[in-house]
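In this note's numbering, the protein residues as written are 58 to 712.
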Amino acid sequence: MFNTIQIKFIVYLTVFLLVNLFYQPQILAKELKKTINITTQTKLPSFPVDKSRVLSFSQKNKLGVDSISPLAIPAGTPLSNVSFFGIDTSSSVVVAADTNGDRVPDINDTFITSDDPVNEVTSAMAISKKSGKIYIGIVAADGANKQNGQIIVTDNAKQDFRGIKQSSFSIGKGTPLGLTIVNSPKGDILIVASLFFSQDLFDVTSEDSYTITAYLPANNGVPDGKNKVTILAANSKLNNQAINFGFGALAVDSKGNLYANVASKFKFAGITQLIGAIMVFTDSNNDSVPDKASIFVAATETDPNPTTASSIVPIVNSKGEKQFFVSGINDVFLKPSQIIIYSDTNDDLKADKVATVFYTSSSQFQGTIGSFGKGSSTVTINRLDFSDGQALFAFNSFDNTGNNVIDAGVGLLKDNGTGLPGETKKIFSAPKTDQNISNITFVVGVPGSSDKLAPTIKINNIASGQKLNSDSQFMLSFSASDDIGVISINILLAINGETFNPLVLGLAGTATSFQFVVPNMATTRAAIRIQALDAGGNIGTITSNPFTIEVDNINPTVIVTSPKNKDKLKGNAMLTITFTSTDNRGVVSHEFQFSPDNGNTFVTFAQNVRGNIQSLTIPVPNMKIKQALIKVIARDAAGNAGEGVSGVFKIKPSK
């Protein structure tokens, strides 16, 4: 039996546990609302903002409902085959489906439109794999709800891609610029990055803020905005500069770590400057909410991408290494937008020092940031998504002045098998209104493919230990096949058997041979690698047996038999120069020189003459020369040269 003291203690303990369990989100929120100051080991570079690179939408034509012609998406189209594009001018989301398995969207329809499309803008989107709900960020550029952001919780339960608004909740002042989801045991934790600016986008005021907030799931596993946890509070600092700006990039990796772009804008010499980084937040108390901050990668003078990151896509490469595709809208610094691949091979939550530039935008496919005017706190930024070697990204094209948008839409980049993309293609045109061209505010989802089988390849004419002569032409023979079809072929060569460099990229998928010049480098470990790509993004690879490249370092031999020593020639007469030239692999060209001074000086009078000739007829110069010489130079394919000189002869001018 329990005594009175024991009973009181049990009751107290029970009440304590219940209270803590019930109020845990509120207590946690209070703890995390403390501001933080994240510092880097070195001083961050600042980049001056070029305000002319920011699109400006006037009050008069900033919004207008687009008319998008709907096309029915076939019933049963899987979510893995669709993409979602945000359209700013109609505050709508377009769903685009790949229906023929080539991973390129070919049918589109309007998925959902906000309740007030005249005043509101879609700004961000996230899809929950756990609940199936789709979360859409909206901000009011004008009207009664001006400056305020909200989250629309959308249902796609019927898989008919006609979104049904389930609920919505307000996030307060600012644009919900980035969304991502943590799948917790209790349901979706929606992470929202919110940007608020009280004046113009790149003005600097004490009210400006950039915050990151976690909205916790309600009893149905879906957040309703009532319980929230502040991850990054307003007035937090980066190297003692206020974090008051961001480009919205958010991502959660497989371990629940949150990666987020943060930036600080400040005035220096009257010019707005930006510093920035990508931070990583880990879950220090195992409550599924990332909370402990550190720097993943900071901007450098040569790589501003961490400052302007609008998209972060975590992936695991074929080696099992963690990588991140990061899109930076560098145009505000008068630099082209880029996609940079950052790796974290040792999983220490810090980017490796060497990063790869995956893509640098051309003038046709620029990244942009746009503001809806002073006091609107409304901003749109181009985004991308990436999966299985393929990226879809929003873009704008400008006229020659660089100020007027002439085209906008979604582009496609596909890894060509080398870790770099092939040709950029436009796959979706943004709708046009009477006043302007719509901006694509985000891209979510890259079409997958039911084709999971990689092409197979066979190399026909390279055997182990085979010897090839340097500088010779070699016709490589091969065959490639696929269950659906090969679309392109890459051929690479490694002199050391390890480091492969392209010989040709994007060869037609029907090709069965390729001719190349064997490098002039001696090795016994050379290897050919062939990659075949199919439309599903699958890559088949084969590497040849090691073969030998033999370098030619033997000079040709030349003997000039005419003119002979003491010959006497007459000016304007015809002279036939005779000679023999031989080489271990063959002479490819001849050069002929003349000396009027017994070999002290020579002048070339014929070159690039065929390697198979053994004579050349020329007119004799009409001048008096006592000691003339002819030199014949023979060259082989490796560039080795041998020469022969005639006998000393005289020339008497004709009258």
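Ideal Cβ placement from N, Cα and C applies to all residues, glycine included.
Predicted, not measured: the structure shown is a model, and the values here were computed from it.
Between the alpha carbons of D163 and I248 lies a distance of about 31 angstroms. By the Cβ-count criterion, Q256 is exposed, with fewer than 16 other Cβ atoms from all chains shown falling within 10 Å of its own Cβ. Sequence-distant partners of V196 (beyond 5 residues in either direction) whose C-beta falls short of 6 angstroms from its own C-beta, in its chain, are V178, S180, G206, T232 and T435.
Beta bridge pairing from DSSP links G244 with S241.
In chain order, S454 place their CB closer than 6 angstroms to the CB of D464, counting only its own chain and leaving out the 5 sequence neighbours on each side. T96 and D340 have their C-alpha atoms spaced approximately 20 angstroms apart. Counting every other CB atom within 10 Å of its CB across the protein chains shown gives K215 a total below 16, marking it as exposed. The DSSP assignment places complete beta strand (DSSP E) segments of no fewer than 3 residues inside the region 233 to 304 at 244 to 253, 266 to 274 and 280 to 289, in order along the chain. If you check the CB distance, F338 and L307 do not come in under 8 angstroms. Taking all protein chains shown into account, T262 has fewer than 16 neighbouring C-beta atoms within 10 Å of its C-beta and is therefore exposed. Residue pairing by DSSP places Q572 opposite M532 in a beta bridge. Taking the Cα positions, G554 is about 27 angstroms away from D445. G704 is the residue among I238, G704, G303 and T481 whose C-alpha sits nearest the C-alpha of F651. Under the rule that a run must span 3 or more residues, the beta strand (DSSP E) segments found entirely inside the region 398 to 473 read 413 to 417, 426 to 428, 436 to 438, 441 to 444, 447 to 455 and 462 to 471. Note that the C-beta distance between V111 and F253 is not below 8 angstroms.
Burial is judged here by how many other beta carbons sit within 10 angstroms of a residue's own beta carbon; Q380 has at least 16 and is buried.
Taking a cut-off of 8 angstroms for Cβ pairs, the region 558 to 576 and the region 614 to 633 do not touch, as fewer than three such pairs fall below it. Here S113 has G427, S428 and G430 as same chain residues with Cβ atoms under 8 angstroms from its own Cβ, once five neighbours each way along the sequence are excluded.
The continuous beta strand (DSSP E) containing F141 extends over residues V139 to I144.
Judged by beta-carbon spacing, S384 lies beyond the 8 angstroms limit of A408, meaning their Cβ atoms are not closer than that value. Sorting A565, S103, I93 and P603 by C-alpha distance to the C-alpha of A326 places S103 at the top.
Around the beta carbon of M182, 16 or more other beta carbons lie within 10 angstroms, which makes this residue buried. At the C-beta level, V373 and L449 stay beyond 8 angstroms of one another. In the DSSP assignment, M680 falls outside any beta strand (DSSP E) and carries neither an H nor an E. Counting along the chain, L560 sits inside the beta strand (DSSP E) bounded by residues N558 to A565. In the pairwise beta carbon analysis, the region 548 to 567 is classified as touching the region 581 to 594: at least three pairs are separated by under 8 angstroms. Within the same chain, Cβ atoms closer than 6 angstroms to the Cβ of S185 are found at I238 and D245, the five residues on either side in sequence being excluded. In its chain, beyond the 5 residues on either side, G303, F304, A306, I335 and A366 have a beta carbon closer than 6 angstroms to the beta carbon of N318.
DSSP, read as helix, strand or coil, puts N176 in coil.
Distance between S534 and K515, taken at the CA atoms: about 9 angstroms. Per the DSSP secondary-structure output, L590 pairs in a beta bridge with S545 and I596.
In its chain, beyond the 5 residues on either side, F455 have a beta carbon closer than 8 angstroms to the beta carbon of N461. Leaving aside the five residues that flank V501 on each side, the residues in its chain whose CB is nearer than 6 angstroms to its CB run, in chain order, F141, M182 and D442. Distance from the CA atom of R642 to the CA atom of N518, rounded to whole angstroms, is 21 angstroms. No Cβ-Cβ contact shorter than 8 angstroms links G200 with V150. Contact check between the region 645 to 663 and the region 604 to 612: fewer than three CB pairs, one atom from each, fall below 8 angstroms, which does not count as touching.
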